[in-house]
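Using our numbering, the letters of the sequence shown correspond one by one to residues 3 to 176.
Heads up, the beta-carbon is just placed ideally off N, CA and C, and yes, glycines get one too.
Owing to the predicted nature of the structure, the values given are computational and were not obtained by experimental measurement.
What follows is a set of notes on a single structure, which appears directly below.
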Amino acid sequence: MTTLNLIFACANKGVIGMDNQLPWHLPEDLAHFKKLTSAQTVLMGRKTWDSLPKAFKPLPNRLNLVLTRQSDWSAPGAVAVHTLEKACEYHEAHHAKHSQEPLSSAPAIWIIGGAQIYAQSVPLATTVEMTQIDLDVPGDAYAPVLGQEWREIHREEHTSNQGVRFRFLTFKRF
Ligand SMILES: NC(=O)c1ccc[n+]([C@@H]2O[C@H](COP(=O)([O-])OP(=O)(O)OC[C@H]3O[C@@H](n4cnc5c(N)ncnc54)[C@H](OP(=O)(O)O)[C@@H]3O)[C@@H](O)[C@H]2O)c1
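As structure tokens, this is what we get:
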């Protein structure tokens, strides 16, 4: 079974988005996101796909899976999937076609948002990569709540070029 990893950035009070956009600009986090997800499969909700800037649609050098209930939805560079199970099946078939490695060594699917998709997939995930940003911003989309089964195993403190404090946290399910 394919492993699922979540990756998100959140401000204070768990805000991850506002008006279908990120309420901050943090190049250091975009670089972190790119480093972790490049050459792998990303799965996002259709609204997150809509929120991507044109220049990053699809996210380059990644298999872009988009979860939607619309049977006729399509977009150049995206693969529409209608369930999480179908996303895993597509990812596994893609791996089998493009890699000599066995399926057991297939990399995880990176769940890259937004709020609806995080909430539905966190019970199935094994790793969460969280960027915690010390900012108060208004929001209408929120990070998933991690229960007691999640333990922080790694922490890196940073300050952005603009003086914003943030940290990269890794959580594993125990
Ligand atoms: N800070 C971060 O790291 C981060 C990362 C990503 C996104 N975001 C933010 O999150 C916000 C968007 O999140 P959101 O919760 O509004 O939307 P979303 O999760 O990106 O997408 C929701 C859409 O996904 C589809 N969907 C949801 N559950 C489904 C299911 N079980 N089966 C099939 N399709 C399903 C539906 O698409 P259809 O309507 O087409 O059926 C639904 O409208 C934005 O503000 C964005 O900027 C933040």
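Could you give the distance in angstroms between the alpha-carbon of Pro140 and the alpha-carbon of Asn22? Position 138 of the sequence shown holds residue 140. Position 20 of the sequence shown holds residue 22. Taking the straight line from one Cα to the other gives about 12 Å.
What distance in whole Å lies between the Cβ atoms of Thr133 and Asp31, which are believed to be in contact at a cut-off of 8 Å? Along the sequence shown, one-based indexing puts residue 31 at 29. Along the sequence shown, one-based indexing puts residue 133 at 131. Confirmed, Cβ separation roughly 5 Å.
Lys56: beta carbon under 7 Å from a heavy atom of ligand 1? Numbered from its first residue, the sequence shown carries residue 56 at position 54. At a cut-off of 7 Å, the beta-carbon of Lys56 does not count as near ligand 1: no heavy atom of the ligand is closer than that.
Would the segment 76–85 and the segment 4–18 be scored as touching if the rule is three or more Cβ pairs under 8 Å? No, the segment 76–85 does not touch the segment 4–18.
Continuous beta strand (DSSP E) assignments of at least 3 residues falling wholly in the segment 87–123: You should have 111–113.
What does DSSP give as the partner residue(s) for Trp152 in the beta ladder? Counting from 1 along the sequence shown, the entry for residue 152 is found at position 150. Beta-bridge pairing by DSSP links Trp152 to Arg175.
Alpha carbon to alpha carbon, how far is His100 from Ala33? In the sequence shown, residue 100 corresponds to position 98, counting from 1. In the sequence shown, residue 33 corresponds to position 31, counting from 1. Each residue's CA atom was taken as its position, placing His100 and Ala33 some 26 Å apart.
Boundaries of the alpha helix (DSSP H) in which Phe35 is found, first to last residue: Along the sequence shown, read from residue 1 onward, the residue named residue 35 stands at position 33. Per DSSP, Phe35 belongs to the alpha helix (DSSP H) from 29–39.
For ligand 1, is there a heavy atom less than 7 Å away from the beta-carbon of Arg64? By 1-based counting over the sequence shown, the position of residue 64 is 62. Of the heavy atoms belonging to ligand 1, none sits nearer than 7 Å to the Cβ of Arg64.
For Ala89 and Tyr144, the rounded distance between their alpha carbons: To locate residue 144, count along the sequence shown from 1; it is residue 142. To locate residue 89, count along the sequence shown from 1; it is residue 87. One C-alpha to the other measures close to 23 Å.
In the DSSP assignment, what are the bridge partners of Asn7? Counting from 1 along the sequence shown, the entry for residue 7 is found at position 5. Here Asn7 is bridged, per DSSP, to Trp112, Thr129.
In three-state terms, what does DSSP make of Thr70? Reading the sequence shown from its first residue, position 68 is the one you call residue 70. Annotated three-state conformation of Thr70 is coil, per DSSP.
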